[in-house]
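Counting in full-length UniProt numbering, the sequence shown runs from 1 upward without gaps.
In this text, a Cβ means the ideal position worked out from N, Cα and C, and glycines have one as well.
Every value quoted in this text rests on a predicted model; they were computed, and no experiment measured them.
Written out below as structure tokens is the structure these notes cover.
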Amino acid sequence: MFLKITVMSFNDPKDKRTWSGTTSNMYEALKRNGFEVDTLTLKNWFTRFYIRGTMFYLNRIKKKGVANFETTKFGAKYWGKRADKLIHDQDKKSNYYFCPAGASIIAFAQSKVKFVDLPDATYALMNDYYYAGVDKQSADCGDKIDRLALQKSAKIILPSQWTYESVQNDYDQPEVKLSLILFGANMPEVKITPKTLMGKEINILLVGVEWKRKGVDIALDVVTKLNEHSLAGYHYTLTIVGLDKPSDFTQSDVIFKGRLDKNDPVELSNLQAEYEKADLFLLPTQAEAAGIVFAEAAMYALPVFTYDTGGVSQYVLNEKTGYTLPTSATSTDFVQQIEGLVTDTTNYHNMSKAARTYYDTTLNWDAWADSVKSFLKS
């Protein structure tokens with residue numbers, strides 16, 4: 001059966017900046033794998049003014065604590081009307097309408113079409129995990145939007161067991177509507193040979209743009225302790241991509257590369273070079289819905305050290321492609337795990353090989369599209 005899919009998003013689904021490149025990678029993978037695909041962009045010239053006015057009204061006048069425009073009734077009703085108009089104006093309707101991170105598109109839409117909801121998390125999970133300062137009325141509204149979208153969707157595609165279980169347990173959605181399909185890497189594919197440690201210089205890479213949530217302080221403490229009490233003469237350097245060096249920063253063995261834009265060919269090349277020269281990937285993240293960055297680390301055959309939080313354990317297989325430490329683990333616990341792997345070169349090579357194999361079989365967008373095809377035809 002030949003299927004036509006429309007990918008819908010607030011911003012242009014083909015733009016690599018939309019949802020950090022996830023939406024455009026979905027679009028391209030669906031095209032490569034036998035679907036007829038078009039796109040609908042919901043934002044127009046009026047949207048920016050409406051969002052600003054609405055958020056000013058809610059935050060400043062009504063004194064509401066809201067997470068964002070999309071989790072308000074004003075926002076969801078606005079996006080629903082935009083979706084209805086664009087679908088009505090389509091020359092050729094689609095079999096399915098994919099809405100990545102688009103619960104607020106689906107919730108109040110009136111179009112009689114088959115929506116596919118593709119959240120990375122649910123509001124029930126995100127409230128208190130990512131969001132802060134949201135009042136109860138606003139939280140209830142955000143939760144209702146998710147519930148309506150999930151109920152209205154013909155199919156629901158989830159990127160982690162964490163989210164899958166929330167959709168089942170918190171929103172009472174039947175298993176027949178659901179499919180667990182992991183995200184891929186949001187970088188151009190490269191062929192990488194599994195790594196072998198040859199010397200005593202160990203390069204650790206951290207990629208993230210939020211200092212606290214990505215656990216940068218923990219990572220800095222880890223590299224300090226590794227070098228203070230180095231086993232067998234190893235020396236460790238931590239490279240941080242996504243953050244600028246603070247003006248008062250004095251710690252040695254740490255390099256800041258700032259934000260690198262994947263849409264800029266030069267900056268993308270610089271990012272690829274950092275992945276290529278790294279030996280380990282460290283991200284003591286405090287909150288992570290899925291963590292596409294782990295798929296990117298797997299593509300470069302990097303063993304990962306992180307916390308077992310959110311949807312991380314689907315992307316880093318504990319003791320196979322890396323280590324997912326309990327959230328109670330300290331920097332000392334990370335140090336012990338890293339030293340244990342670095343000083344066991346056979347295990348290191350095997351873990352590097354397993355990481356790349358996991359990317360080749362699962363953590364890539366063609367594997368995602370192939371699973372989507374099977375799910376839609378089931």
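How about Tyr171: is its C-beta nearer than 8 angstroms to some C-beta of chain C? The structure shown contains no chain C; it is built from a single protein chain.
Excluding the five sequence neighbours on either side, which residues of its own chain have a C-beta within less than 7 angstroms of the C-beta of Leu150, listed in chain order? Locating residue 150 in the sequence shown gives position 150, counting from the first residue. Same-chain partners within the cutoff: Asp117, Ile156, Val167, Tyr171 and Gln173.
Unbroken alpha helix (DSSP H) runs of length 4 or more, entirely within the region 248-277: which are they? DSSP runs (the alpha helix (DSSP H)) wholly in the region 248-277: 265-277.
What separation, rounded to the nearest whole angstrom, lies between the Cα atoms of Thr41 and Arg32? By one-based count along the sequence shown, residue 41 stands at place 41. By one-based count along the sequence shown, residue 32 stands at place 32. Going by the C-alpha atoms only, they are around 21 angstroms apart.
Verify the contact flag: Leu206, CB atom, against every heavy atom of the ligand ATP, threshold strictly below 7 angstroms. Among the components modelled here there is no ligand, and therefore nothing to report on the ligand ATP.
I'd like to confirm the pairing. Which residues does DSSP put opposite Asp38 in its beta bridges? Locating residue 38 in the sequence shown gives position 38, counting from the first residue. Beta-bridge analysis with DSSP links Asp38 to Thr6.
Cross-strand partners of Lys63 (DSSP beta bridge): Here residue 63 refers to the residue found at position 63 when the sequence shown is read from its first residue. According to DSSP, which records beta bridges pairwise, Lys63 is partnered with nothing at all.
Same chain only: Cβ atoms within 8 angstroms of Lys177, ignoring 5 sequence neighbours per side: As a first step, residue 177 must be located in the sequence shown, where it is residue number 177. Around Lys177, the same chain offers Ser153, Ala154, Lys155 and Ile156 as residues with beta carbons nearer than 8 angstroms, after the five sequence neighbours per side are excluded.
Along the chain, where does the alpha helix (DSSP H) containing Phe334 start, and where does it finish? Position 334 of the sequence shown holds residue 334. Under the DSSP assignment, Phe334 falls in the alpha helix (DSSP H) whose first and last residues are Ser331 to Val342.
Determine whether the beta carbon atoms of Tyr27 and Lys14 lie at a separation below 8 angstroms. Locating residue 27 in the sequence shown gives position 27, where the first residue counts as 1. Locating residue 14 in the sequence shown gives position 14, where the first residue counts as 1. Against a cut-off of 8 angstroms, the Cβ pair of Lys14 and Tyr27 comes out as a contact.
Beta strand (DSSP E) segment containing Ile156, residue limits: As a position in the sequence shown, residue 156 is number 156, starting the count at 1. First-last of the beta strand (DSSP E) with Ile156: Lys155 to Leu158.
Could you tell me which uninterrupted beta strand (DSSP E) segments, each at least 3 residues in length, are contained entirely in the region 169-248, listed from first to last along the chain? Counting whole runs of 3 or more residues, the region 169-248 contains the beta strand (DSSP E) stretches 178-180, 201-207 and 235-241.
Own chain residues within Cβ distance below 7 angstroms of Ala103, not counting five before or after: By one-based count along the sequence shown, residue 103 stands at place 103. Here Ala103 has Asp117, Pro119, Ile145, Asp146 and Ala149 as same chain residues with Cβ atoms under 7 angstroms from its own Cβ, once five neighbours each way along the sequence are excluded.
If you run the structure through DSSP and keep just helix, strand and coil, what is Gly80? Here residue 80 is taken as the residue at index 80 of the sequence shown, counted from 1. Reduced to three states, the DSSP call for Gly80 is helix.
Which stretch, first to last residue, makes up the beta strand (DSSP E) that contains Tyr323? Along the sequence shown, read from residue 1 onward, the residue named residue 323 stands at position 323. Note, Tyr323: beta strand (DSSP E), Gly322 to Leu325.
For the beta strand (DSSP E) containing Asp117, list its first residue and its last residue. Taking the first residue of the sequence shown as 1, we reach residue 117 at position 117. It spans Phe115 to Leu118 - the beta strand (DSSP E) in which Asp117 sits, taken as one unbroken run.
Cutting at 6 angstroms between CB atoms, please list the residues of its own chain near Val254, excluding the five before and the five after it. Residue 254 sits at position 254 when you count from the first residue of the sequence shown. Taken in chain order, the residues that qualify are Leu238.
By Cβ distance below 7 angstroms, which residues in the same chain neighbour Thr122 in space, the five residues on each side in sequence not counted? One-based indexing of the sequence shown puts residue 122 at position 122. Within the same chain, Asp146, Thr163, Ser166, Val167, Asp170 and Tyr171 come within 7 angstroms of Thr122 by CB-CB distance, once the 5 residues on both sides are set aside.
Out of Lys62, Thr39, Phe56 and Arg60, which has the shortest C-alpha to C-alpha gap to Leu86? Along the sequence shown, read from residue 1 onward, the residue named residue 86 stands at position 86. Among Lys62, Thr39, Phe56 and Arg60, the Cα nearest to that of Leu86 is on Thr39.
In the structure shown, what three-state DSSP assignment does Tyr359 receive? Taking the first residue of the sequence shown as position 1, residue 359 is located at position 359. The three-state reading of DSSP puts Tyr359 in helix, counting H, G and I together.
Endpoints, the alpha helix (DSSP H) within which Thr306 is located: Working through the sequence shown from its first residue, we reach residue 306 at position 306. Not the alpha helix (DSSP H): Thr306 falls in the beta strand (DSSP E), residues Val304 to Tyr307.
I believe Val312 touches Phe294 by the beta-carbon criterion, under 8 angstroms. Please report the beta-carbon distance rounded to the nearest angstrom. To locate residue 312, count along the sequence shown from 1; it is residue 312. To locate residue 294, count along the sequence shown from 1; it is residue 294. Contact holds; Cβ gap of about 7 angstroms.
So, at 7 angstroms on beta carbons, what are the nonlocal neighbours of Val316 in its own chain, with the 5 sequence-adjacent residues on each side left out? By one-based count along the sequence shown, residue 316 stands at place 316. Cβ contact annotation for Val316 (same chain, cutoff 7 angstroms, sequence separation greater than five): Phe294, Val304, Thr306, Gly322 and Thr324, in chain order.
How would you label Trp45, buried or exposed, when you count the other beta carbons within 10 angstroms and need 16 or more for buried? For the purposes of this step, residue 45 is identified with residue 45 of the sequence shown, where counting begins at 1. So Trp45 counts as exposed.
How would you label Ala232, buried or exposed, when you count the other beta carbons within 10 angstroms and need 16 or more for buried? Position 232 of the sequence shown, counted from the first residue, corresponds to residue 232. With fewer than 16 other Cβ atoms within 10 Å, it is exposed.
Is it buried or exposed for Trp365, if we count other Cβ within 10 angstroms and need 16 for buried? Sequence index remark: in the sequence shown, residue 365 carries index 365 (1-based). Here Trp365 is buried, its C-beta having at least 16 other C-beta atoms within 10 Å.
Taking the Cβ atom as the reference point for each residue, do His229 and Lys200 lie within a distance shorter than 8 angstroms? The residue given as residue 229 occupies position 229 in the sequence shown. The residue given as residue 200 occupies position 200 in the sequence shown. Taking C-beta atoms as the reference points, His229 and Lys200 fail to come closer than 8 angstroms.
Just to confirm my understanding: we take Ala124, look at its own chain, exclude 5 residues before and 5 after, and list those with CB closer than 8 angstroms. What are they? Locating residue 124 in the sequence shown gives position 124, where the first residue counts as 1. Cβ neighbours of Ala124 beyond the five flanking positions: Asp143, Asp146, Ser166, Asp170 and Tyr171.
Just verifying my parser: in three-state terms, what is the DSSP assignment at Asn95? Translated into the one-based positions of the sequence shown, residue 95 becomes position 95. In this structure, DSSP gives Asn95 a state outside helix and strand, which the three-state scheme calls coil.
Boundaries of the alpha helix (DSSP H) in which Leu148 is found, first to last residue: Taking the sequence shown and counting its residues from 1, one reaches residue 148 at position 148. Here the alpha helix (DSSP H) through Leu148 covers Lys136 to Lys152.
Thr6 versus Asp344 - alpha carbon distance: Numbered from its first residue, the sequence shown carries residue 6 at position 6. Numbered from its first residue, the sequence shown carries residue 344 at position 344. When rounded, the distance between both Cα atoms is 49 angstroms.
Segment limits, beta strand (DSSP E) that includes Leu283: To locate residue 283, count along the sequence shown from 1; it is residue 283. Residues Leu280 to Leu283.
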